[in-house]
Structures are given as structure tokens and as C-alpha cells.
Amino acid sequence: MNQNIPEKWKSLYDAVLEGNAAAATAAVDAAIEANESPQTLVDEYMIPAMDDVGEKFEQNEYFVPELLISARAMKAALTKIQPLLTASGSQPKGRVALGTVKGDLHDIGKNLVAAMLEGGGFEVIDLGVDVDPDKFIDTARASKVDIIAMSALLTTTMPSMKTTIEALKAAGVRDGLKIMIGGAPITQEFADEIGADAYGDNASTAVSIARSLVAS
Amino acid sequence: MNQNIPEKWKSLYDAVLEGNAAAATAAVDAAIEANESPQTLVDEYMIPAMDDVGEKFEQNEYFVPELLISARAMKAALTKIQPLLTASGSQPKGRVALGTVKGDLHDIGKNLVAAMLEGGGFEVIDLGVDVDPDKFIDTARASKVDIIAMSALLTTTMPSMKTTIEALKAAGVRDGLKIMIGGAPITQEFADEIGADAYGDNASTAVSIARSLVAS
Amino acid sequence: MPRSLAVHSLDQFLFGRAPHPVRCGHGLVIGAGSVVPEINFTLPTIDVNADSWAEVCRQYGQMMDTVLARAVHLSVPALLVEFETVPPMTHNPDWGFEITGILAERCLRAHEKHGIAVALRVTPNDTREFNRPPLLRRGEHWEQMLRFFEGAGKAGADLLAIESTGGKEVCDDALVNADLRQVVFALGVLGARDMRFLWEHIVSRCRAGGVVPSGDTACGFANTAMTLADKGMIPKVFAAMVRVISVPRSLVAYEAGAIGPSKDCAYEGPYMKAIAGVPISMEGRTASCAHFSPLGNIAQAVCDCWSNESVANVRLLSGYAPEVSMEQLAYDCRLTNTALADSDAGARTLRDWLAVSDAVHDPQAYVLRPDVVLEIAGDLMEADTPYERTRRAARKTWSVLRDAAADGTLRLDSRETRWLERLGPAADALPDSESELFESILSELPEGSFLPAEYGL
Amino acid sequence: MPRSLAVHSLDQFLFGRAPHPVRCGHGLVIGAGSVVPEINFTLPTIDVNADSWAEVCRQYGQMMDTVLARAVHLSVPALLVEFETVPPMTHNPDWGFEITGILAERCLRAHEKHGIAVALRVTPNDTREFNRPPLLRRGEHWEQMLRFFEGAGKAGADLLAIESTGGKEVCDDALVNADLRQVVFALGVLGARDMRFLWEHIVSRCRAGGVVPSGDTACGFANTAMTLADKGMIPKVFAAMVRVISVPRSLVAYEAGAIGPSKDCAYEGPYMKAIAGVPISMEGRTASCAHFSPLGNIAQAVCDCWSNESVANVRLLSGYAPEVSMEQLAYDCRLTNTALADSDAGARTLRDWLAVSDAVHDPQAYVLRPDVVLEIAGDLMEADTPYERTRRAARKTWSVLRDAAADGTLRLDSRETRWLERLGPAADALPDSESELFESILSELPEGSFLPAEYGL
Ligand SMILES: [Zn+2]
Ligand SMILES: [Zn+2]
Ligand SMILES: [Zn+2]
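Protein chains in written order, with this note's numbering: chain Z, 130 to 345; chain P, 130 to 345; chain X, 5 to 461; chain G, 5 to 461.
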């Protein structure tokens, strides 16, 4: 647990931690009114709150539904803050395009990763399921994407990950971004083999992996 | 079963089939005495007998001990015939150097393959167990070897097969010979991956594999 | 619709014996006095396309050969083989039929040569969800599925099954949010309605083609919940409720003419057997190659087929993984069948050990205890419609779990207890009528989450 | 030497309960009233050398982590972990000790955090056979093995075991030739003599190091025979005789001070338990990942630990193979322990079902039937020396199999029957004395097949 949350806007931290969206947006309003820096609110209250939520999940105190409620409170607060951040020239943590690969329809893991990443301050472009390599390429070209995240749950769709990475290379967009992959049959060995930059074995580690990818 | 064994020296065929070494050598003596061609004895009586022994094994009529008794009868007869064959300028079916790879001590499968190959008319150089790549190379250089056969029974010694093939390449002797591999954890996929020419999943298929390798 | 259960007493609720046995394939009878292994296998990592097709065929042939050889080697008297297609084989039914033929031919040969009783169950994919939101009653995917149902028998299938997914588009999110109301809607309203439509089509095609319309599973719903619970993502008490909530939906297949065995991954199977009397396939500890579960032993308690769920054709130290599964299933069935051959009392003793050994550890196991199954099944069959039964399933399961936790026959940690307390009010708040629930859900779900017309709504 | 058996009656011959339980590790007691899972795992395809060492350590750490997590998840109360080294780790004991430390530390942490009773059994290789013919009492390999025995306790081992191989250099050929006399010589003379030498060394080192000297196995002999028989290479009746012939040899370890549990792959274990009263580890259907066997159920009948033999760390659909094995073992042990908790009569019922379900199908299973074990064990303990016991083992087993085949309690096909008829005279022809056999074998084996001095001959 983060011990040293400043008292000043601790109500914002608490609101996110408890998953109270109304209280979170109210706290943001009050802080902005008092001329607090939006970046400070994000970095010193909201993200620490989401980190602590993740910690509670890891420690078997929270279940995912509780974590999603916090992520929604986080998102509500971010929606208020985003225009101010943009105006002040600050960037989101990073932009992630994610999808389940061609031929595969599994939603849940991908959706959880999307929610976790948004809760962690990332901007997420969800491409859905059964995503064609071209769609990943088009997205990488059209938006400044930092990370492409792919999911597959079948041994027969795992090869689509490789195909997609090769297509990204062929299209000349591979070098500008990082690729993370996950899903039940995926292993670190497979990630290495197909040239992905990272592998996550569950949704809750996705945020820390994404952070280290954009930092590197 | 071979139906059309000529009556003339059928006693030789029967002796090998029944694993009677004394009768086999006696039959060889009689045939040579009668000026029969040694190559005919091998091709039309002895090898068909061993093929039928193999067939009986495949059909669950014989066990390996019975097959080995026949192989010993075959070998006894061949020992008589070999000098005559050499004198007449004919060659053995082929020469196989075989061994269990570096780090691995498993004997049985390798020994069975050796016995089967000898029974099938091959000349066999048994290098033993825990065989260093250099020993394979030296043997390939010193004798005109057609096939190198390698065995491994451990997941941790399988990589020695790859190392050995690479060493044979580096020594410049790989191209002149064929490589067959086997052992419990080995698969066709693994054989393909490391560049072996053939994979056998049991000792009784070794002869037909070796024959097709020398024919190709 | 009969309100009484097909299984009249706990004493008659046994593995290997179902009120209405199913005859199929080459001499196979299921539920007639012994437990039959059901072997499943799937491709290792490979892209299924025209280029890889020869290798795909080789893989299936090799898997079937090794599995049959092992079954014969272990004197397995009777075997059910399941071929679950991968989506390209449903998109292109001819591919699915080709593999079906490869497997069926080997089954026939093994039967003729070794006398093993054997049947082939084929399970095409429910590819309707390739549209998002799914088109359930029209479109390319549905047309190809119909083609598959029609042609499977000629291709060599003895039984047809499916893991249908109507309502999953709502259920997925509901599960990760542990939203009981939405799960009840997804299964008790959407799922049940789609099952009625789908299974009437399947049954008519099967009857025309001489194929056994076997069964369905709430796999995409309740097993997803189980897997999420196993990973610590959602409460086990919630997953246990989802399991029972799936019962009225899965029952629709049998009301529409399916005769069993239910799909192996349908852990709601014991309820199907209790209510409809059909033989059931179940999977437990020997399916841990496919997924972990808290039901390793109890799943076997009243099974008629015993399955490994599915295993990819990877190499293990002894041989290929499908052979390994075959051997494990063979031994497990030897044990249950030895107990059955001993005496009914003996079989009941083994059944109860299997059940007791798991039930206290997990609410998902607890709701499969044979006595609990009969109690809850009796309660939900007091109602006449899928929705009303589903509502009863939620309420009754909740109260059963609460009582079990209170008297210690079920152990729950504090996080689970906290959630059990929350779920009671949620169950009580379920509206009386399907239409009332539909109206309120419509307003809370994002536009386009599902297409009401696809459910006749 | 006591001629009476440690297990006095069939009623007392049960799984989970041994006359002399073993206490070891963090709160673990084996044979004291419940069956304990024994989990084993090994590396996937990898060359073990200095370059790959970091990856090797990571693999072992990951395997131990996933296995312990699954055990805790399933509320497994007690667990035995076996670490069987690969030869480079015995050649270089420091490598073996490093992995031992990695595993031991995780076991301790799991015990402290979750209360699971757990112990680590370490099994170095018998690398003496790297010399051909083997040097058994001298040389580099033997020195390193001694170093391993001495240092294992400090490195974190709670128990030490070995799969010793003295006599194997003669046995291998004898097996494929189905030569009974030579097998008797390899096990009853060479093997028994080497066991005496080896185990006196192991026991003294273990006592000095505070480590439990657990047990040995005739794996390289009788399991080789079983595997050859499974592949149709040698007769099953011969393999069954080899199994019992290995008993006097394996017994030497316990006479020399080993206290159990026997090694999992020692299917002669039931004889060890009957005669010496030590708890035994066994492996059956849950070890089919490692090797197939005709003993899937019967192996469990009187086991105290229940093992998966070994599984490589490959990925399956659910997770890694070691986790899968852990889950399967956990459920199997839940079942036996539920029966034990029910009543002694209940446990006997389950024991008998496990035994009966396999015994009729294969002579190798038949000789493990608890009643047959007691009958044969009693007979061979009438003799005082390993050779005389071995000769009795061959003769008695043959007559037991002949009677069983005659009265139909054992089913044999015609090829097996033909071999059974051959093996009787071979057993009868075994000479009265060890020295007589030694002299005649010396003259028939090629020079240098084995070194008599290494056996004190
Ligand atoms: Zn399923
Ligand atoms: Zn072993
Ligand atoms: Zn072992």
C-alpha cells in the first residue's frame, strides 16, 4: 500500500480506491477549482490509487469486479482531466492498440487488459476480436501507437500473432512500436520465438509490462 | 509371408527363420559346395527370412528374443559368406555407424537397432554409449560410412544430436552420409528441426528406413 | 413438461447408469451399466489453411491411430471419440467432413479388427459469434453451420454436439463484473431462447441424417466463470451460482429432442441427468491437461462418459499427449466399472467418496453433490419457463450455499463470505417476469450489445 | 534377519498406512494414515551446461513455484517433492546443490506461509555406469557421488534416494533375450551385492548429514522390462517374473538402513512394505505422462506416496505439465484419503477395486495384487540370502502365474502362454548356489561384460 498520499486531495485517491466514480469526479472538480495541477492529480493520487487496487488484487483481497469499479472511477475522473492535460501539453502514459488475433473470438482477457491499461493511465484503442493484420497496420499508421497488444486463446490462432508481426515488419511500422502478447497457450518462449517484445501471463501484470515497454 | 522361396536352398531360409544358427551355416556350406552364388543365397533366402521374421514381430507372433535368435543365425551364415562376397566384388547393403549420444547411457534401443541392421544385411559399427561428436566424425572419416544412427533417451541429451550434426557439417563429412535418429523423446518434428535425414520410432522399422536411405 | 425428475431417488443416481441410455456407432451403448471413456484431442500449434491441410490431416490420423492402439492395448471395451472442429472447419464444412472421414474410417477398422465398441461424436463450432453482435438465425456463418449439421452423418459422424454461445455477448462482461442480473438475463433469457431455435434445427437435421443429436454445454458461460474463479478473478460462490443458473438453458436442448450424452465440459450435466434422464459426459482430474478445476473427483460421481476435455498433440516423455489421456481415462473407467460390477451399494460408496472428497473445498463442487443436485433440480423444476427456473436456480443455489457455509459442510474464506452476502440480495431482486428483466437490461446495456431480434425478442 | 513379514495380514495391508512411518522435512509424516502426493518434474529439451545454467535454474524455480501454488490452491495438506538430477548435476555436485537450494527454499517458504507439510527428496544419478564396464567402488564418478551424498543435506535435501544400476550391464542384454538365468544373476547376485556396498555408504552419509536415507528402485531392470513388454518386445509373463526377481535386490537397501519411502518407480514397493514395513511411493495412471504401464490402478492399492514419476516442463492448454500432474495427484489422494477417513473397511474396499480392476489384464499387475504380494513375499523370505530369495522369487512367481492363468483370474493370449510354458523349466534349472551360477555365467558372457571385483566377486 502507498503510505504517503498527501492529505490535500486524498479524497480523490480514496474515491478511486473504493470505485466511487461520482466522488472521484467531484474531487477532481474541487481540485481543479482550487487550481491544482491536473498532472499532479493523475500522478500523485489517481495512479497510486489504481496501483493499490492492483496490489489488493494481487494480495487476494479484491476480485476483478472490484478492480473494474475502480477502473471506471479512474476513467470518469480522467475524462474530466484529459482536456486540461492536453491543453497543458502533457501526454498520456502511452497509446495501446489491442485486439484478439485473426480467427480468434476470445474477448474476456483482452477486455480485462484494456480496462487495466486504461486504469493505469494509458489510452487504449480496442480493435476487437478476429483482427486482421491489416487492421493492426492501419491503426499503427493512423494513430501514434506506442504498443500493440495481441491476444490468442487457441493453438490454431497462435500463428496469427507471428503473421501479424511479420506483416507489421513488411509494412515498415514494426520498429516504431512495442509488441506485447498474451493468452492461455502463450509462453515466454513463444513470445521470444516470434519476436514479440513482451509476454504477460495475466491481465493484472499488463500495466507494469506496458509501462516498462514505453520506458525502454 | 514370402510365399515364393525357391525349394533349392529353402533349408537356409527355414534355418534363419527358426533361428537355428548351426543349420544355417550347414546350409550355407552345402550351397557353396554346390557352387551356388553367395549373392543369391543372401538375396533370395537369408534376407527374405529376416524380412519374414520382422513381419512375424509386427504381427505380434514373435517377440524380440525370437527375432534376435534369427538375427544371430543370419549373422553366423553371413560370417561364412562375407569373404566370398568380398572376393566376388559385391558390397554389403551399407555400413552404419551407430551410438547413443554424448551424456546418454541408454543401451537397449541402440543395441536392438544394431542387431536388426545386421540381420538386415548391413555392416554395423557400434560406437557404444556416451559418444562424443568427434568419435562420429573420426569413424565417418576412417571407414566409408553410409549412415550414422544416433539414439537419445533424455530431453537433456537430445540437444547432443544437434551438436553432433553440426560438428559433422563443420568437419565437412555431413554431405557424404545419411543420418537417422531415434529414442523415446524424439519426434519427426525434432528430426526435421535438427536436419536429420530420417527418424524411426522403433527398432523394427530401422531396417526399412536404412534401406530407403542408402537407396536414395 | 414433467415436473418430476427422471432420477427418482439418490440411490438410483449413479455413474454409468442413466434412465435413458443412448445407442450409437459401432456397438456402443452409453449409460447402460458402465462408464465409457470419451477421448478428445486437438492440433498442436499450427495455422489451419490450404497450405497446411495435408499436415492437419496427418495429425488427426496419427492422433486417432495412437489413441485407438492404446485403447486396444488396455482392453478398453467401449470408447467414445470426440472430434471438436476448429473454426476454419466449420466455415468450410468440407474440411470438417474430411477429418470426420479420417477418424470414422479408423474407428470402423478398430471395431472390426479388435471388437472395440466405438462411436464418433462430432462437434462443429458455433461460428455465429464471428459477427459482433452475433447474427444467430441468418447470414453466412449460420448457413455453413446448417450445412455442417446436414452433412455430418454422411461424413461419418455418429453423434452431433455443439457448444452454443447465444447470449455470450452479454454474459462475458457480466461475468467479470460479477453482475448476477445480467448473467441471469444472458442465460435464462437469451441463452434459453437461442437454444430452442438452434436445437430444433439440429434435431431435425440429425433425425434426417441418422445421427444422434447428443447435447450442448454452457461451457462459454459457466466454465468461463470457473476459469476466472480459478485464477482468483471472480468469487467462487458467484461461479457456483452461474453453474446452476446455466441449467435451465442447457436443459432446452433435451426438451428440443437431444438425447445425450451431454457434452463433456457441461458440468451442469448431473442436473440434465437428474431432470431429463439423459446419459452425461463429464470431465475432471483427467481433464487438467485442458483446464484446472475444483471438480476433479466430484465430476465423476454420476458420469456416464468420462472425458479428458481436449489435449493438444504434443510429445510427452511416454508418448503423445492424446495417448497419455487415453491411458488415464481407461484406468479411471476400470475403477468405476469395477465398483459397478461389485454391487449397487459399492458404486454408491465410490460415488459418495468422489463427491465428499471435493464438495467441502469449493462451492462449485458443492453444487454438484448428488444429493444437492436432486434438491436444487427439484426446486427449479417447480417452475415452467426457462426464465422462472433460472430465477429459482439463482435463489435456491444461494440459500443452499449459505446453509452449507453456515453448518461447515462448505468452507469459504472471508473474501468469499463477503461476496456470498452480497449475492443474496441480488438474487432476491430478480424481477418476476422475463419481460420486466428484458426492459430494464435494455436500458442499462450499451446500444448494440446484442440484437433482440436474433432471440425473437 | 526376520523371516516373518512386517505386514501380518491382508487386512492391515492398506494405502496410506505403513508399519514404520517416516517423519521428514517440514512437518511431513509418510505412512501414518494418509496418502501423500509426490510430485516430480524435469527440464524440457535443453542442454545443461555453463551457458544454459541460468535458464536451468529459472526453469526449476518456475516449476517449483507453479507446483506449490497449485498444491496450496487445492488445499493439499502434505506434499513430497522429488528432485531427480540429470547426470551433469551429479558429475558436478555443486550444480545439483544449487538446484536443491532453489527448491528447498521455496518449500520452506510455502510451509511457513501456507502451513503445507512438505519435504524435498533428492535423487542423484548413479553415474558409475559412465564407465563401461562400470566401476562401482572407485574412480571419479564414485567420488563425486560420495560428495553428493555428503553434501545434499546441507544443500537442503530432506531425503536421499537413488536409482542404482549395479548389474544393469548384464541385465540389459538378458532382458531383450528373455534370458531368465542371466536376469537372476544380474539382480540376485550382482545387483544385491552392489546394493549392500552402495547403501551402507549412503546410510552412513545420511545419518551424518541428518538426511533420511529413503530408498532405491529396480527401475533400470524391471521397468525396462515393463516398457519393453508394453511395446510388445518381450513377454509380459517374463516382465512380471523380472519384477518379483528384483525384490530381494531392492530389499537390501532397507536391510542396510534405508527407511523409506521407496522410490516412486519401484513397483516392487508393495513387497518392500510387506517385508520391511517401510512406507512406499508408487506411480500409476498419473505417471502415464512419463511412461505407459499395465499398473495404472493397482499401483495405488497399498501406496503411501502417490507420484507422477516425472514430467517435462512443457506447456499444455491449462498450464505447465508439472502443474497438471500436481492437480491430478491432489485429486487422487483426496479419494484414497476420503476412503481412509471413512473406515478401514472402506479403504480395503477401494484397495481391492483398484487391484481387481487391473490384475486380470496383465501378469505384471497380477503379481502386485496385495494377497499375491503377501503370498510370494512369505515364500521368498523363507530363504536367507539374496540369491536364494531371488531363485525362490522366480520359481514361486512362475507357479503363481501358471495357477492364475489356469483358473482364469489372469488372462493371457497364446503368445504369452507359449512363453509361460518355456519359463517354468528355466526357473527350475536355476542352480542351487550363487557360486555355481557365477561360474557358469562367467563362461557364457563375453569377456569384460562386467568386472567381478567391483562386486567383491
Ligand atoms: Zn467446452
Ligand atoms: Zn525410475
Ligand atoms: Zn523418478
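Beta carbons: idealized from backbone N, C-alpha and C, even for Gly.
If we define contact as Cβ-Cβ less than 7 angstroms, is Arg355 (chain G) a contact residue for chain X? no
At a CB distance below 8 angstroms, what residues from the region 128 to 144 of chain X approach chain Z? Give them in sequence order. Glu133, Phe134, Arg136
Any heavy atom of ligand 1 within a distance shorter than 6 angstroms of the CB on Cys307 (chain X)? no
For Leu84 (chain X), the three-state DSSP class (helix, strand or coil): strand
By Cβ distance, which residues of its chain are closer than 8 angstroms to Ser361 (chain G), with the 5 residues on each side in sequence left out? Asn301, Ile302
Counting only the same chain and skipping the five closest in sequence on each side, list residues whose C-beta sits under 7 angstroms from that of Asn149 (chain P). Ala202
Buried/exposed call for Gly323 (chain X), threshold 16 Cβ in 10 Å: buried
Glu313 (chain X): which of G:Val315, G:Leu320, G:Ala316, G:Cys307 sits nearest, CA to CA? G:Leu320
Start and end of the alpha helix (DSSP H) containing Gly183 (chain Z)? 176 to 187
Thinking C-beta only, is Ala244 (chain Z) closer than 7 angstroms to Ala200 (chain Z)? yes
Of the choices X:Leu344, X:Glu109, X:Thr94, X:Gln186, whose alpha-carbon is the least far from that of Trp146 (chain X)? X:Thr94
Can Cys293 (chain X) be considered in contact with ligand 1, in the sense that its beta carbon sits closer than 6 angstroms to one or more heavy atoms? no
Counting only C-beta atoms, is Asp220 (chain G) closer than 7 angstroms to chain P at any point? no
Exposed or buried, Pro6 (chain G), counting other C-beta atoms within 10 Å across all chains shown (16 or more means buried)? In this prediction, Pro6 (chain G) has a pLDDT of 44, which is less than 50 and means its spatial position is unreliable; what the coordinates show is noted afterwards. Counting Cβ neighbours within 10 Å, Pro6 (chain G) comes out exposed, since fewer than 16 surround it.
Can you check the region 92 to 140 of chain X for any alpha helix (DSSP H) of at least 4 residues that lies completely inside it and give the ranges in chain order? 97 to 118
Could you tell me whether the region 392 to 403 of chain X touches the region 37 to 51 of chain X, using the rule of 3 or more Cβ pairs below 8 angstroms? no
Beta-bridge pairing of Val230 (chain P) - partner residues as DSSP gives them: P:Val260
Three-state class that DSSP yields for Arg270 (chain P) in the structure shown: helix
For the region 301 to 322 of chain X, enumerate the residues whose C-beta is nearer than 9 angstroms to any C-beta of chain G, in chain order. Asn301, Glu313, Ser314, Val315, Ala316, Val318, Arg319, Leu320, Leu321, Ser322
Please work out which residues of its chain come closer than 7 angstroms, Cβ to Cβ, to Asp356 (chain G), disregarding the five sequence neighbours upstream and downstream, and give them in chain order. none
Leaving out the 5 sequence neighbours to the left and right, which residues in its chain are closer than 6 angstroms to Trp99 (chain G) when beta-carbon positions are compared? Met93
Beta-carbon proximity of Leu196 (chain P) to Pro167 (chain P), cut-off 7 angstroms: no
Taking Asp130 (chain G) as the reference, which of G:Pro435, G:Ile206, G:Met67 has the closest Cα? G:Ile206
For Thr231 (chain G), does the three-state DSSP call read helix, strand or coil? helix
Just grab the DSSP bridge partners of Trp423 (chain X) for me. None; Trp423 (chain X) has no bridge partner.
Just checking: is the beta-carbon of Asn181 (chain G) within a distance shorter than 7 angstroms of some beta-carbon in chain P? yes
Tell me whether Glu322 (chain Z) is buried or exposed, calling it buried when 16 or more other Cβ atoms sit within 10 Å of its Cβ. exposed
For Ala313 (chain P), go through chain X and note every residue whose CB falls closer than 9 angstroms to its CB, in chain order. Leu321, Ser322, Gly323
Is any beta-carbon of chain G found at less than 7 angstroms from that of Gln368 (chain X)? no
CA nearest to the CA of Met245 (chain G), picked from G:Asp220, G:Leu179, G:Asp198: G:Leu179
In the DSSP assignment, find the unbroken beta strand (DSSP E) run with Cys210 (chain X) in it and report its ends. Counting along the chain, Cys210 (chain X) falls outside any beta strand (DSSP E), though it belongs to the alpha helix (DSSP H) covering 196 to 213.
Return the CA-CA distance between Leu246 (chain Z) and Ile238 (chain X), expressed in angstroms with no decimal places. 19 angstroms
Can we say the region 203 to 210 of chain Z touches the region 255 to 270 of chain Z, given the rule of at least three CB pairs closer than 8 angstroms? no
Write down the C-beta distance between His365 (chain G) and Pro298 (chain G) rounded to the nearest angstrom, noting that I regard them as a contact closer than 8 angstroms. 6 angstroms
Listed in chain order, which residues of the region 215 to 244 of chain G have Cβ atoms closer than 8 angstroms to some Cβ of chain P? Thr228, Leu232, Lys235, Gly236, Met237, Ile238, Pro239
Name the chain G residues whose beta carbon is nearer than 8 angstroms to that of Phe192 (chain P)? Ala182, Gly236, Met237, Ile238, Pro239, Arg419, Trp423
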